[in-house]
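Engineer: Below are the structure tokens for one structure; questions will follow.
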Amino acid sequence: MIASQLPALQVVIPLLGAAVAALTRRSAIAWGIALAVSWTMPLISGALLLQVLTSGPITYSLGGWNPPWGIEYRIDLLNGFVLVLVSLIGAVIIPYARASVEQEIPQGRGAWFYTMYLLCLCGLLGIAITADAFNAFVFLEVSSLSTYVLIALGRDRRALLAAYQYLILGTIGATFYVIGVGLLYTMTGTLNLADIAGRLSEVENARPVLAALAFLTVGISLKLALFPLHVWLPNAYAYAPSAATAFLAATATKVAVYLLIRFFFTVFGVIFVFKTLPVSPIFLALSLAAMFGASIVAVFQNDVKRMLAYSSVAQIGYITLGIALANQDGLTGGIVHLFNHAITKGALFLVMGAVLFRTGSVKLEDLAGLAKRMPISMGAFVVAGLSIIGTPGTAGFISKWYLALGALERGDWWLVFLLVGSSVISIIYIGRVVEATWFRPAGKLASGAREPPRSMLIPALILVAATVYFGFDTTLTVGVAEKAAAALLEGIR
Amino acid sequence: MVLLTLMAIITIGVVRVRSLFAVVILGGIYSFLMASVMIVLDAVDVAMTEASVGAGISTVLMLGALYLTKTEEAAPTHTPFVPLFVAAGTAAALIYATVDLPSFGLADNPIHTHVAPRYLDYSVEETGVPNVVTSVLASYRGFDTLGEATVIFTAGIGVLLLLKGRRRIKPGPKRRRIRR
Amino acid sequence: MRLDVIFRVAVKIMVPFILMFALYVQFHGDFGPGGGFQAGVIAAAMVILYAIIFGLETAKRLVPPRLVEMMIPLGVLIYAGVGVACMLMGGNYLDYSVLAHDPAHGQEYGILLVETGVLITVAGTMTAIFYALAGRGR
Amino acid sequence: MFVFTDIIAHYNQWVTVFLMVAGLYIVVARGNMVKKLVGLSLFQTSVYLLYISAGKILGGTPPIIEAGREVYSNPLPHVLILTAIVVGVATLALGLALVVRINEAFGTIEEDEIFAEDAE
């Protein structure tokens, strides 16, 4: 009986956890609740993915009302994969959060921090799991509002500004999304994604549908920080508390990417989006602009968290590149990179959080010679950095390999050169940090530092280990992504 | 139509006026007009909510925030080209879309024929609630409403996290007593 | 706040009526416009009105911030809890039909309960936000 | 092919579009943070019109079942918009809280002034 209720529990447990955590108001108890909840999540999502792999997509009618009248949860390979990713990251970061929250969040508010964290987790899982366009909006807002708060809790006063800017842009994005859904609803009379897809074929090419596609794309792109719409991201990631940055960088944009894939491939259909409309070249151009533009900006950053944030924008470019390629290998690469980038960037931000914890700064000049005092952390940074660059033997290589295959499949060999070129730029910015920490004499701040407590070190090392592991054993990542991509592309063949 | 025209005039007012108090009050009037429009369009529940939230709570919160900040807006310093471009682009897309939307108010539009009739036909039988808005809100799409309550919960705790606490510039004696 | 007798007396008289109106909106939501959210806003408006006339301190004695802050998660907990109860009784999440022998009755109970949850969260949140803004001082 | 009746027919839609876009314009163009939030809520509020007007049936009545009524307007958009209003006010509250904190931290709520201060 429990097994059939898993889809609802996936979202409801974090919600209940958040409410209880808010009631207790003790930081330690709230942390315990968050720990219990976030460690249950991977079990549920793992069970769900396993079930999907063995017996096909799962559907669940909330309230017992059948779709399209009620809200439906629907889990297939793609969102099963995303659920596993989000819940895993959520589980890894919670143990880490304890020490860093104690230091960064004012006393007496720790419980509410965990409440926000759980709500954000709940919102992200809710977006990923639902099969209802409007329900996705509601949970998008749950995750967004909690994200704004998490960012605003950063110690620097500029965190407030970053949160405000994100609030404005995020709300514009969400409102665009609502307009898009409204237009679709007016044309089809339904909100269930599969139902919309079925009924759209009758009215395809009608102007409101085209406009709906445009509004949805712009709205979701704001959330996923696609290149010209990424302005909120660097500040937000740079000033948010460390645990929040790592969590958001690894999950929030990824879930938005998932939503975009869902709308492009499942709702509007591959043929309509990629054959009839010039979506592919536009996304290709924007992805390339992100890969190069943001990477180059990253090279000139002195705040390492900011540098990594710009690098995130660039890496999101790789994922959208996979979407733009819209063929088997390209899309596989995009989906795999969703996962690989999440664990890699999560690891990097966790390491930087540890550095901030010990030294109080993540400015490049303050980090000089830090590797002598924190060799394990900085070693972890090097390994995860290699994965960002895409060195063979790391997870980053796998996704770039598939992206390159996808580009070749289309005959666009020049894209392969650009992929390599963008990786070269990432060597420069990762290299700057490595050079400063390993090869320079220790500065004033660095000489007083030491390794972070084990509760912070181990989560970072787990993620680093994962980036190496998934660089060799790709059965989970590529295996699932390949099947998911094949399912998404079904319409095209 | 008259109401909408009034709303348009108010919007222009909001753009032009620089006193933030006036802007907030205009916003309240706007919400009341919106509520009236909603009644005309048969959305009584929405009208009630918009009146109480848009004209009531929002205005109170805005005024409260203004009390804590400033009441005059600085003169705009940028040239308004980029915003105008953004606005024009959005307007173009919207007008492009609305021209082909199903005609206003016809009963055989897809929106009225597909999902909605079932709610109207079976609400009383299945849920015992004659106000279909309530039954859809709380039962058929009850999970959305749970999400809505969660959004409120998030905002509530978020505001408390941001505003309640010790990091104040001038800790007044009044507040001390209240905490704990 | 200045001692404004007329206002004070008027508000004193109005407060119970506003509260009654909120409850009316809450429980009449099945038949007319209204429901938990609107009722919550009205209840919060009552507290705000009271605070404006009698001062924040008096209002806080009447409705302590501690209580208000507990109400916020409590409402959500009730709502989500109803869903879990449905699950335990063999239905899907939020499937109120299993709450009573007759599905329609179950639905009615369920709707009433979740609307109460919404009322509590909304009233709590709105009051808490008002307290937070008003208590901050310039 | 623009005859007068067309203009009448589309007038409401165009005004709606104008309202939305004006809200968006305020958000993007203005540097004052409170005004931006007002613009944002105007933008959100006008989107409600898009949904509700789609749900109206001419000659219909509010969707409360009563004997003797036959045509009801569509209840589903009303439900969605109720949710959207709530989301809107939640966002507004959070935004205002942020503005208050920003004012305390920076002493101003004009974006330009803050950026100028930061640039130093």
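Those protein sequences? They're chains A, B, C and D, same order as listed.
When we follow our numbering, the leftmost residue of the first sequence carries the number 0, and every step to the right adds one.
When we follow our numbering, the leftmost residue of the second sequence carries the number -9, and every step to the right adds one.
When we follow our numbering, the leftmost residue of the third sequence carries the number 1352, and every step to the right adds one.
When we follow our numbering, the leftmost residue of the fourth sequence carries the number 4, and every step to the right adds one.
Backbone N, C-alpha and C define an ideal beta-carbon position, used for all residues, glycine too.
Values in this document were obtained by computation on a predicted structure and should not be read as measured data.
Which residues does DSSP pair with E62 (chain B) in a beta bridge?
Structural biologist: Taking the second sequence and counting its residues from 1, one reaches residue 62 (chain B) at position 72. Answer is B:S9.
Engineer: With the cut-off set at 8 Å, would you say T59 (chain B) and V92 (chain D) are in Cβ contact?
Structural biologist: The residue you call residue 59 (chain B) lines up with position 69 of the second sequence. The residue you call residue 92 (chain D) lines up with position 89 of the fourth sequence. Not in contact: T59 (chain B) and V92 (chain D) (Cβ atoms no closer than 8 Å).
Engineer: How big is the Cα-Cα spacing for W437 (chain A) and M377 (chain A)?
Structural biologist: The residue given as residue 437 (chain A) occupies position 438 in the first sequence. The residue given as residue 377 (chain A) occupies position 378 in the first sequence. Taking the straight line from one Cα to the other gives about 8 Å.
Engineer: Cβ atoms of P105 (chain A) and S454 (chain A): under 8 Å apart, would you say?
Structural biologist: Within the first sequence, numbered from 1, the residue matching residue 454 (chain A) stands at position 455. Within the first sequence, numbered from 1, the residue matching residue 105 (chain A) stands at position 106. Not a contact, by the Cβ cut-off of 8 Å.
Engineer: By how many angstroms is the C-alpha of L487 (chain A) removed from the C-alpha of Y317 (chain A)?
Structural biologist: For the purposes of this step, residue 317 (chain A) is identified with residue 318 of the first sequence, where counting begins at 1. For the purposes of this step, residue 487 (chain A) is identified with residue 488 of the first sequence, where counting begins at 1. Answer to the nearest angstrom: the Cα atoms are 19 Å apart.
Engineer: For S311 (chain A) and I424 (chain A), which I take to be in contact (beta-carbon distance under 8 Å), what is that distance rounded to the nearest angstrom?
Structural biologist: Position 312 of the first sequence holds residue 311 (chain A). Position 425 of the first sequence holds residue 424 (chain A). Contact doesn't hold; Cβ gap of about 14 Å is too wide.
Engineer: Here's a check: name, in chain order, each residue in its chain whose Cβ is nearer than 6 Å to the Cβ of V350 (chain A), leaving out the five neighbours to either side.
Structural biologist: For this step, residue 350 (chain A) is matched to residue 351 along the first sequence. Within the same chain, V350 (chain A) has close Cβ partners S376, A379, F380 and A459.
Engineer: Using the Cα positions of L22 (chain A) and A45 (chain B), report the straight-line distance between them to the nearest angstrom.
Structural biologist: Within the first sequence, numbered from 1, the residue matching residue 22 (chain A) stands at position 23. Within the second sequence, numbered from 1, the residue matching residue 45 (chain B) stands at position 55. One C-alpha to the other measures close to 31 Å.
Engineer: With E40 (chain B) as the anchor, note down where its alpha helix (DSSP H) starts and where it stops.
Structural biologist: Sequence index remark: in the second sequence, residue 40 (chain B) carries index 50 (1-based). Residues V34 to E40.
Engineer: Hey, D194 (chain A) and P56 (chain A): beta-carbon distance below 8 Å or not?
Structural biologist: Position 195 of the first sequence holds residue 194 (chain A). Position 57 of the first sequence holds residue 56 (chain A). No.
Engineer: Give me the subset of the stretch 23 to 52 of chain B whose CB atoms are less than 9 Å from a CB atom of chain D, sorted by chain position.
Structural biologist: Under the 9 Å Cβ criterion, the stretch 23 to 52 of chain B contributes M24, V27, M28, I29, V30, L31, D32, A33, V34, D35, V36, T39, E40, V43, G44, I47, S48, L51 and M52.
Engineer: Is R167 (chain B) close to chain D, meaning its C-beta is less than 8 Å from at least one C-beta of that chain?
Structural biologist: The count along the second sequence starts at 1 and reaches residue 167 (chain B) at position 177. At R167 (chain B), the pLDDT of 35 sits below 50, so the modelled position is not reliable; the number obtained from the coordinates is stated separately. Cβ-Cβ to chain D under 8 Å: no for R167 (chain B).
Engineer: CB-CB under 6 Å to K253 (chain A), same chain, minus the five flanking residues each way: which ones, in chain order?
Structural biologist: For this step, residue 253 (chain A) is matched to residue 254 along the first sequence. Result list for K253 (chain A): L337 and A341, in chain order.
Engineer: Following the continuous alpha helix (DSSP H) through Y236 (chain A), name the residue where it begins and the one where it ends.
Structural biologist: The sequence position of residue 236 (chain A) within the first sequence is 237, counting from 1. Note, Y236 (chain A): alpha helix (DSSP H), W231 to Y238.
Engineer: Assuming the contact rule is C-beta atoms closer than 8 Å, I1480 (chain C) and L51 (chain B) should be a hit. Round their C-beta distance to whole Å, please.
Structural biologist: Against the third sequence, residue 1480 (chain C) aligns to sequence position 129. Against the second sequence, residue 51 (chain B) aligns to sequence position 61. 7 Å between Cβ atoms; contact.
Engineer: If you measure beta-carbon to beta-carbon, which residues of the stretch 97 to 110 of chain B are closer than 8 Å to chain A?
Structural biologist: Residues N99, P100, I101, H102, T103, H104, V105, A106, R108 and Y109.
Engineer: Check whether the stretch 145 to 152 of chain B touches the stretch 144 to 157 of chain A, taking contact to mean three or more Cβ pairs, one atom from each stretch, closer than 8 Å.
Structural biologist: Yes, they touch.
Engineer: Please return the same chain residues whose Cβ sits closer than 7 Å to the Cβ of A119 (chain D), not counting the five positions on each side in sequence.
Structural biologist: As a first step, residue 119 (chain D) is located in the fourth sequence; it is residue number 116 there, counting from the start. Correct list: empty, nothing qualifies.
Engineer: To which residues of the same chain is L182 (chain A) closer than 8 Å at the C-beta, ignoring the five residues directly before and after it?
Structural biologist: Here residue 182 (chain A) refers to the residue found at position 183 of the first sequence. Excluding sequence neighbours, L182 (chain A) sits near P207, V208, A210, A211 and F214.
Engineer: Between the beta-carbon of T187 (chain A) and the beta-carbon of H104 (chain B), is there less than 8 Å?
Structural biologist: Residue mapping note: residue 187 (chain A) aligns to position 188 of the first sequence, counting from 1. Residue mapping note: residue 104 (chain B) aligns to position 114 of the second sequence, counting from 1. Going by C-beta atoms, T187 (chain A) is nearer than 8 Å to H104 (chain B).
Engineer: Using a beta-carbon distance cut-off of less than 9 Å, what residues from the stretch 389 to 418 of chain A approach chain C?
Structural biologist: If the cut-off is 9 Å between Cβ atoms, the stretch 389 to 418 of chain A has nothing near chain C.
Engineer: Expressed to the nearest angstrom, what Euclidean distance is found between the alpha-carbon atoms of G1406 (chain C) and F46 (chain D)?
Structural biologist: Your numbering for residue 1406 (chain C) matches position 55 in the third sequence. Your numbering for residue 46 (chain D) matches position 43 in the fourth sequence. Going by the C-alpha atoms only, they are around 34 Å apart.
Engineer: Could you have a look at S26 (chain A) and say whether DSSP puts it in helix, strand or coil?
Structural biologist: Within the first sequence, the letter at position 27 stands for residue 26 (chain A). If DSSP states are grouped into helix, strand and coil, S26 (chain A) belongs with the helices.
Engineer: Within 10 Å of its beta-carbon, does R6 (chain B) have 16 or more other beta-carbons around it, so buried, or fewer, so exposed?
Structural biologist: Locating residue 6 (chain B) in the second sequence gives position 16, where the first residue counts as 1. Exposed is the call here.
Engineer: Please confirm if K59 (chain D) has its CB atom under 8 Å from at least one CB of chain B.
Structural biologist: For this step, residue 59 (chain D) is matched to residue 56 along the fourth sequence. Yes, K59 (chain D) counts as interfacial toward chain B.
Engineer: Between the beta-carbon of T124 (chain B) and the beta-carbon of I1462 (chain C), is there less than 8 Å?
Structural biologist: Translated into positions along the second sequence, residue 124 (chain B) becomes position 134. Translated into positions along the third sequence, residue 1462 (chain C) becomes position 111. Contact flag set, yes.
Engineer: With C-beta atoms as the reference, is A25 (chain B) less than 8 Å away from H81 (chain D)?
Structural biologist: Start at 1 with the first residue of the second sequence, and residue 25 (chain B) comes out as number 35. Start at 1 with the first residue of the fourth sequence, and residue 81 (chain D) comes out as number 78. No, the pair does not count as a contact, with Cβ atoms beyond the cut-off.
Engineer: State the start and end residues of the unbroken beta strand (DSSP E) segment that holds I57 (chain A).
Structural biologist: To locate residue 57 (chain A), count along the first sequence from 1; it is residue 58. Unbroken beta strand (DSSP E) run through I57 (chain A): I57 to S60.
Engineer: Can you check whether the CB of S241 (chain A) is closer than 8 Å to the CB of L355 (chain A)?
Structural biologist: Position 356 of the first sequence holds residue 355 (chain A). Position 242 of the first sequence holds residue 241 (chain A). The answer is yes: Cβ separation under 8 Å.
Engineer: How far does the alpha helix (DSSP H) with Y147 (chain A) in it reach, from first residue to last?
Structural biologist: In the first sequence, counting from the first residue as 1, residue 147 (chain A) sits at position 148. Here the alpha helix (DSSP H) through Y147 (chain A) covers A132 to A151.
Engineer: Please state the DSSP three-state secondary structure of G162 (chain B).
Structural biologist: In the second sequence, residue 162 (chain B) corresponds to position 172, counting from 1. Low per-residue confidence applies at G162 (chain B): pLDDT is 36, beneath 50, and the placement is therefore not dependable enough to give any value.
Engineer: Below 6 Å CB to CB, which residues in the same chain sit around F138 (chain A) once its five sequence neighbours on both sides are set aside?
Structural biologist: By 1-based counting over the first sequence, the position of residue 138 (chain A) is 139. Once the five neighbours on either side are set aside, the close Cβ partners of F138 (chain A) are G122, G125 and I126.
Engineer: Run the CB neighbour count on G1441 (chain C), radius 10 Å, all protein chains shown included, and call it buried at 16 or more, exposed below.
Structural biologist: Start at 1 with the first residue of the third sequence, and residue 1441 (chain C) comes out as number 90. Its Cβ having fewer than 16 others within 10 Å, G1441 (chain C) is exposed.
Engineer: Closer than 6 Å by C-beta to K39 (chain D): which residues in its own chain qualify, once you throw out the five before and the five after it? Chain order, please.
Structural biologist: On the fourth sequence, position 36 is the one that residue 39 (chain D) refers to. Taken in chain order, the residues that qualify are V30 and R33.
Engineer: Nearest to V432 (chain A) by CA position, among A:L369, A:A27 and A:Y401, is which residue?
Structural biologist: The count along the first sequence starts at 1 and reaches residue 432 (chain A) at position 433. It is A:L369.
Engineer: Taking C-beta to C-beta, are Y309 (chain A) and P233 (chain A) nearer than 8 Å?
Structural biologist: For the purposes of this step, residue 309 (chain A) is taken as residue 310 along the first sequence, with counting starting at 1. For the purposes of this step, residue 233 (chain A) is taken as residue 234 along the first sequence, with counting starting at 1. Cβ distance < 8 Å, so Y309 (chain A) and P233 (chain A) count as in contact.
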